[in-house]
Each structure stands twice: as structure tokens, then as C-alpha cells.
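First the structure, in the form of C-alpha cells, and then the observations on it.
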Ligand code: FAD
Ligand code: DLZ
Ligand code: SF4
């Protein structure tokens, strides 16, 4: 008999470990375990999402004729870890071998690699073919490059999938990339309706009760929980996105509007990352809408680039760079994460609204994550490990394979530029251009110094100044350094003093938000 453990982010009916298996001779194992629910203190909505999706998936598998063991969190015999639960299942069923799809996180993969020795059984670890680019192909691509630029990987991926490729092998529309059309400031009116909601059913309500009891001290609220927890609902959310928001997704991809929590974004990452949707089906739906003339090319291409370009590149970089990536700290930053990342209490309107969205929805869109909260943390010199923990906790789509490269690489430049060619650092001017936050903020985005000056301004220049030894050689930063060096010594001293005053006023977060205090 074959024992097939399925992890909480592997909830896909076409999972590689199930292919070709005789249902009568296999036992599937899904495990709710304390180790996963508490290794960081996840946002309540993330725990509800994963456990509810697991329970729904187990029911669907049974209905499909599989024999399924499902271990609940509150089962008194629950050992609390994947390894412990697999050990118990081995005792129960005495399988002849195990089969599992490779894990999405380094620490879990290392545990799985120990199972064969531990249990004295053959363990087949199957490649995760829900990703379009197999890892060996990514490593080969990386080995052939001096710089690991996403755009060149993306073009290979277009050829690999045939998405937006014409019969003569050229990119549809004659261009690979329409990014220059995708930087419009926010739309004036608020023209959109919210993404479709999926109100909790009985299974989800049970899990909500469990989480409100056992995880009540975790970050976040569940009042607005309405995420899809089945493949059918995730597909409905995809259809809703394609018709309602994809047409304008490209144009307003980088825009931010106070109180508009999702704008034209898809909100599909939570479903994709736990397996309810696959990247390929989502991209095919976007391309089909373009071919039907329902969405413009800049929108379809922009979306497909995020999916087969960025998402796959990020995943490849995780496995290429781990475990060193987890410890990366290029700038040697040591400041504690400010308290407002948890409370939302700050006068900076952009940060307050982004944290509110995060708390209420376990969500923020890309530019809130990158150019508001990530940018602030890097400019302020926050310890990147604390920043990474925060991101892993607060977003319902966060798993280490996608969170670490985005946070430690793209947003904090803690890897020294392996992933991005320059730090994503911006002053208040960028946020003002791409949002309406500054209009309602008590700070003045035009000012660099003074009590009411936007903190991002002095912090931006102070960041460049502080790190000049490490960054001056970066060819993409010669312009800001040229500007900084045109400032007189007096101005420079004022900026440094302004940044110091502000940083000294920041209160560090109380311990225990991200990881339980031992
Ligand atoms: P949309 O804007 O609609 O984009 C469509 C899809 O493209 C997303 O669903 C996602 O699957 C994919 N995508 C776009 N950009 C990226 C990217 N950089 N990396 C991976 N996938 C991408 N994404 C996560 O899924 N989990 C994370 O933990 C995560 N942490 C992030 C942390 C930081 C600091 C930054 C800058 C980005 C992070 N992202 C993460 C990427 C991106 O912000 C989210 O995928 C996106 O905001 C999810 O919302 P959406 O589904 O509405 O995305
Ligand atoms: C995120 C998460 C949570 C909160 N709980 C569980 C769980 O109880 N059981 C489970 O199988 N998976 C859970 N997950 C997702 C896992 O953390 C994820 O599958 C691994 O980290 C992938 O390596
Ligand atoms: Fe953010 Fe500065 Fe604008 Fe205030 S003025 S919203 S702090 S960028």
C-alpha cells in the first residue's frame, strides 16, 4: 500500500503524487498540525483559509473515491508535526512506500528528506509540476547568466508555454512587454465593485470558531473573511476578475487609492498558493479573454508576466538562494520593526491604510507591499529577519518560497542585489505620484525637513547617504547620488538630523507578535 501525504499548500486534484495511482491501494493523508499553525503566528485569516480549504479538499477526494485519513488539530492523539503524523500513519497502515510532492518551504523539505531513513521505507519525492518551469531548468538558466534578470527568464517562459506567442514564434503585438503603459496614477472615480465574496459555509464557520478560540491572540480580524476555499469558488473568483477587473489591471497596476483595498488586482494569490488554481489555467483564461477582444493586450500581457514571469522566477530564486537567503542582511540593519506594523497607529497615511488593509483582509496589493511598507522598512534600516517574519505572518498568500525572495530580495535588497538590480527605494514623491494618500496626510510630501515634513523624504536621502559605500558602484543609482552630492553640507546635515530625529521617535514592536515568546 502506498501512503501519500498531502500538505496544506498542495490542494490540487491533479497533484503529481496522485498521477497513475490505484485508488484501492493508496491512502491519502492530510494533517492539521500545530507546528504549521504556529511556527510563525499567522494572521487568523490565513489559518482559516488553509484549514478550511484542507477540509473541503479532503471531502472532495473522498467523493472522488480516494481513501483519506484526515487528522484534525483538536484530535487528542495529534502529535503536532508532519513527521509525527506520518509516523502514526505508518504505524496504522504499514505502507510499502511513501510518495509526496516536494515541499514549498525549505524547513519542510528538509524534514521530508529525512523520512526514508527515519521510517525505513522508500520515499518518492515528486517534482511539483504545478509550477511551469521545472527547478532543474531554472538552475540551468541561472547558471548560464551573469545577472539573473527576470525579463530574460520571462521570455523563455513565454516560449515554453506558448502564451501570447504568434504562429511565427514572435510575441503577440510585436513586443514582449507593455510595462510603460502600466504606470498610470490612480483613477479619479472609484469605478469598481469589490471582488466576489464567498461567505463562510458550515465547514469554514467551524474553523473560524476554532481559530477565534485557539489563535485569538494572533494578528488580524476575521470579520471580512470571504476567500474561496474550494477550487470551484476559486474558479468563480477567476471568472469575476477576468470580466470585472482584468481589462484595467495593466493600466492601474501600480496605483494606490485610500480605502480601495483591491483596486484592479486579481486577489488570486491565496487560491494559487494553496493549490485551488494553477498558474497555467489562470493565464490561459486571461489569454482567451484577450483573444475574444474583451481585454486589451497591455492588461493580458501584464498579468501573464506576473504569473509566468515574476511568480516562477521568485520560486526559482528561493530554491537557488536558500538557505543563505533566510539570513541575508546586506546593509547590516538591526533596528526593531516599529510597533505600527502591528497596530496601524501612525500619522503616515500611506502606512496606516496599508496596515489596515493587511489587518482586515490579510492582503495588500503589490505596491502597498513594495513601495509603502517594504520601502519604509528598508529606508528605516529595519532588521530584515524581522521584516520577513512580519510578511510571513500577515498575508494569507505568504509561504516562504514566495515571501522570502520578495521581501529579502526584491523589497529589502538584503541579498545585495542577486534578485533586483537596484533597491526599490523611493521618497514621498513616488507615493504621491501613484496614490491619493498624501492629500489626507498630516505630513507635507513636498517638505524634506521640519516637523511636518514627510518622513519618507529625509529617510530616502539618509538611506543613500548611510549606504553610499555599498551602493555607489550601482550604475542605476548614479543619478540620485549625483543629486545628493549637489546638496550643500548644511542641507545634508539637516537631512541627516531630520532622519535621526524621526528614527529615534519610532517605537519598536512588543515581542511575541510574529513568533511566540519562549
Ligand atoms: P495581482 O496583482 O492580481 O497579480 C496577479 C498574480 O501575479 C498574483 O496573484 C501572484 O500570483 C502573481 N505575482 C505578481 N507579482 C508577484 C511576485 N512578485 N511574486 C510572486 N507572485 C507574483 N506574493 C505572494 O503570493 N505571497 C507573498 O507572501 C508575497 N509577499 C510579497 C512581499 C513583498 C514585499 C512584495 C513586494 C511582494 C510580495 N508578493 C507576494 C507578490 C505580490 O505582491 C502578491 O502576489 C500580490 O500582491 C497578490 O495579490 P493579487 O493576487 O491581487 O495579485
Ligand atoms: C500555512 C499552513 C497552516 C497554517 N497550517 C497547516 C496545517 O495545519 N497543515 C498543513 O498541511 N499545512 C498547513 N499550512 C501550510 C504549510 O505550512 C505548507 O504546506 C508548508 O509550509 C509547505 O512546505
Ligand atoms: Fe506617506 Fe509621506 Fe504621503 Fe504622508 S506625505 S502619505 S507619509 S508619502
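Numbering (UniProt numbering), first residue to last: 1 to 518.
A virtual CB, placed ideally from N, CA and C, is assigned to each residue, including glycine.
task = Can you grab the Cα-Cα spacing for the pair residue 504 / residue 463, in whole Å?
result = If I take the Cα positions, the gap works out to 15 Å.
key: From 458, 480, 457, residue whose alpha carbon lies closest to that of residue 468   = Taking only the C-alpha atoms, the option nearest residue 468 is 480.
task = Spatial neighbours of residue 322 within its chain, please: CB distance less than 7 Å, with the 5 preceding and 5 following residues excluded, ordered by chain position.
result = In chain order, 106 place their CB closer than 7 Å to the CB of residue 322, counting only its own chain and leaving out the 5 sequence neighbours on each side.
Cβ-heavy atom distance, residue 431 to the ligand SF4, below 7 Å = At least one heavy atom of the ligand SF4 is nearer than 7 Å to the Cβ of residue 431, so yes.
request  = Could you tell me the boundaries of the alpha helix (DSSP H) in which residue 392 lies?
outcome  = Segment 384 to 394, the alpha helix (DSSP H) holding residue 392.
message = Using a Cβ distance threshold of 8 Å, determine whether the region 258 to 277 contacts the region 348 to 367, with at least three qualifying pairs required.
response = Output reads yes: the region 348 to 367 touches the region 258 to 277.
query = Mind checking residue 519: buried by the 16 CB within 10 Å criterion, or exposed?
reply = Past the boundaries of the shown model lies residue 519; the chain is included only from 1 to 518, so the question cannot be answered.
inquiry  = Per the DSSP calculation, residue 341 is bridged to which residue(s)?
reply    = BP columns for residue 341 are empty, so no partner.
ask   = Are the region 27 to 40 and the region 162 to 171 touching, with three or more C-beta to C-beta distances below 8 Å?
value = No, because fewer than three Cβ pairs between the region 27 to 40 and the region 162 to 171 fall closer than 8 Å, the two stretches do not touch.
ask   = Looking at C-beta atoms only, is the number of pairs between the region 255 to 266 and the region 308 to 316 that lie closer than 8 Å three or more?
value = Counting Cβ pairs under 8 Å, fewer than three are found: no touch.
inquiry  = Check for me: the beta strand (DSSP E) holding residue 6 runs from which residue to which?
reply    = Its beta strand (DSSP E) spans residues 2 to 6.
ask   = Near residue 42, which residues of its chain fall below 7 Å by C-beta distance, leaving aside the five closest residues on each side in sequence?
value = Result list for residue 42: 218, 393, in chain order.
key: residue 428 vs residue 449 beta-carbon contact at 8 Å   = No, these two residues do not count as a Cβ contact at 8 Å.
query = Where does residue 132 sit, in a helix, a strand or coil, going by DSSP?
reply = Here residue 132 sits in coil by DSSP.
message = My assumption, with CB atoms under 8 Å, is that residue 153 sits in contact with residue 141. Please give the rounded CB distance.
response = So it is a contact: roughly 6 Å between Cβ atoms.
Reduced DSSP category for residue 402 - H, G, I as helix; E, B as strand; rest coil = Here DSSP, grouped into helix, strand and coil, assigns residue 402 to helix.
key: Delimiting residues of the alpha helix (DSSP H) encompassing residue 515   = That residue, residue 515, is in no alpha helix (DSSP H); it is neither H nor E in DSSP.
key: Inter-residue Cα distance where the pair is residue 381 and residue 334   = C-alpha separation (whole angstroms): 7 Å.
message = Below 8 Å, how does it come out for the region 413 to 422 and the region 55 to 66: are there three or more Cβ pairs, yes or no?
response = Judged by Cβ distances under 8 Å, the region 413 to 422 makes no contact with the region 55 to 66, as fewer than three pairs qualify.
task = Pull up the DSSP beta-bridge partners for residue 28, would you.
result = DSSP output for residue 28 lists 4, 68 as bridge partner(s).
query = Excluding sequence positions up to five away, which residues of its chain have a Cβ less than 6 Å from the Cβ of residue 58?
reply = Taking C-beta separations shorter than 6 Å and ignoring five residues to either side along the sequence, the partners of residue 58 in its chain run 30, 68, 70, following chain order.
ask   = Looking at the unbroken alpha helix (DSSP H) that takes in residue 51, where does it start and where does it end?
value = Bounds of the alpha helix (DSSP H) holding residue 51 are 44 to 63.
task = Return yes when the Cβ of residue 459 is within less than 8 Å of the Cβ of residue 502, no when it is not.
result = In this structure, residue 502 lies near residue 459, with their beta-carbon atoms less than 8 Å apart.
message = Under 8 Å: do the region 41 to 56 and the region 207 to 225 share three or more Cβ pairs, one atom per stretch?
response = Output reads yes: the region 207 to 225 touches the region 41 to 56.
task = Give a single yes or no on whether residue 403 has its beta carbon closer than 7 Å to a heavy atom of the ligand FAD.
result = Because some heavy atom of the ligand FAD lies under 7 Å away, the Cβ of residue 403 counts as near it: yes.
message = Taking the straight line between their C-alpha atoms, what separation do you get for residue 166 and residue 156?
response = Roughly 14 Å separates the two Cα atoms.
request  = Say yes only if the C-beta of residue 256 is nearer than 7 Å to one or more non-hydrogen atoms of the ligand SF4, and no if none qualify.
outcome  = Result no, Cβ not under 7 Å from the ligand SF4.
message = On the DSSP letters alone, give me the boundaries of the beta strand (DSSP E) that residue 308 sits inside.
response = Per DSSP, residue 308 lies in no beta strand (DSSP E) and is assigned neither H nor E.
message = Checking 8 Å against the spacing of the C-beta atoms, do residue 317 and residue 408 come in under that value?
response = For the 8 Å CB-CB criterion, residue 317 and residue 408 do not form a contact.
ask   = Given 8 Å as the limit, is there contact between the region 424 to 443 and the region 338 to 349, that is, 3 or more CB pairs closer than that?
value = Yes, they touch.
message = Just checking residue 147 against the ligand DLZ - is the residue's beta carbon closer than 7 Å to any of the ligand's heavy atoms?
response = A distance criterion of 7 Å places the beta-carbon of residue 147 beyond contact range of the ligand DLZ, judged by its closest non-hydrogen atom.
key: residue 147 versus residue 124: straight-line alpha-carbon distance, rounded   = Approximately 34 Å between the Cα atoms of the pair.
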